[in-house]
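Q: Below is the structure I would like to discuss, written out as structure tokens.
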Amino acid sequence: MFYCNNCDEVFEEPETIEEHHPYGMTYATEYWAVCPHCKETDFQEAKQCTRCGEYVADTEDGLCEYCHYDLYVI
Numbered sequence: 012m013f014y015c016n017n018c019d020e021v022f023e024e025p026e027t028i029e030e031h032h033p034y035g036m037t038y039a040t041e042y043w044a045v046c047p048h049c050k051e052t053d054f055q056e057a058k059q060c061t062r063c064g065e066y067v068a069d070t071e072d073g074l075c076e077y078c079h080y081d082l083y084v085i
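For the sequence shown, the residue numbers in the working numbering are 12 to 85.
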């Protein structure tokens with residue numbers, strides 16, 4: 012699972028897009044792994060919250076924001 016830092020979506024696999032750039036008398040092709048929701052390249056591997064199991068960005072305490080708030084703020 013992956014977590015997008017741009018749109019906060021969680022997804023199983025990144026989408027691959029290709030870009031074509033002039034290269035001499037022809038074109039070169041670059042392939043990019045992107046978030047399937049917003050098409051940005053700013054994503055990371057998602058971690059499961061150690062308390063509820065929801066997939067989130069990697070955190071220091073291993074908790075999602077709701078479980079962190081529930082345990083430490085209330």
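No residue lacks a Cβ here, since even glycine has one placed at the ideal position from N, Cα and C.
Measuring CA to CA, which of P33, Y77, A68, Y83 is closest to F13?
A: Nearest option by C-alpha distance: A68.
Q: In terms of residues, what are the limits of the beta strand (DSSP E) holding E30?
A: Counting along the chain, the beta strand (DSSP E) containing E30 begins and ends at 26-34.
Q: In angstroms with no decimal places, state the Cα-to-Cα distance between P33 and R62.
A: Looking at the two C-alpha atoms, the distance is approximately 50 Å.
Q: Relative to the alpha-carbon of A39, which residue among E29, F22, V21, A57 has its alpha-carbon at the smallest distance?
A: A39 has its Cα closest to that of E29, out of E29, F22, V21, A57.
Q: Would the segment 71-78 count as touching the segment 41-49 if we require 3 or more Cβ pairs under 8 Å?
A: Contact between the segment 71-78 and the segment 41-49 is absent, because fewer than three Cβ pairs lie under 8 Å.
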